[in-house]
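In the numbering used here, the protein residues as written are 7 to 105.
C-beta: ideal position from N, C-alpha, C; glycine also.
Just so it is clear, the structure is predicted and the values come from calculations on it, not from any experiment.
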């Protein structure tokens, strides 16, 4: 993970469908910020994740920005729900992480 780096991966749905994804890293400032552009296939967006120490705990600010096209607006509720599921999975893993 570095500026100019690429992340190519395939998400697998419970129904067996595969979703190739392409991401380009724009900015990586350890331990403060990661910025990348998700290139598709379903939707393009800019992601900024910022991290801050809050009394020994990490605050994560997660910001996704995409064009307000009719197609993207239709996906908004799905994206919010999918992100909530991802946060739930992350939260379940965090108690097991020791740095």
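Does the Cβ of residue i have 16 or more other Cβ atoms within 10 Å, making it buried, or fewer, making it exposed?
| i | result |
| --- | --- |
| residue 84 | exposed |
| residue 42 | buried |
In whole angstroms, give me the CA-to-CA distance for residue i and residue j.
| i | j | result |
| --- | --- | --- |
| residue 35 | residue 80 | 33 Å |
| residue 78 | residue 9 | 26 Å |
| residue 52 | residue 62 | 28 Å |
| residue 49 | residue 59 | 32 Å |
| residue 14 | residue 25 | 11 Å |
| residue 55 | residue 21 | 30 Å |
| residue 17 | residue 27 | 7 Å |
| residue 74 | residue 44 | 16 Å |
| residue 71 | residue 91 | 19 Å |
Can you confirm whether residue i, when its beta carbon is compared against all beta carbons of chain B, has any partner nearer than 8 Å?
| i | result |
| --- | --- |
| residue 41 | The structure shown contains no chain B; it is built from a single protein chain. |
Please name the residue or residues paired with residue i in a DSSP beta bridge.
| i | result |
| --- | --- |
| residue 40 | 34 and 55 |
| residue 46 | 28 |
Assuming residue i is part of the alpha helix (DSSP H), what are its boundary residues?
| i | result |
| --- | --- |
| residue 79 | 76-99 |
If you follow the beta strand (DSSP E) that residue i is in, where does it begin and where does it stop?
| i | result |
| --- | --- |
| residue 17 | 12-18 |
| residue 70 | 63-71 |
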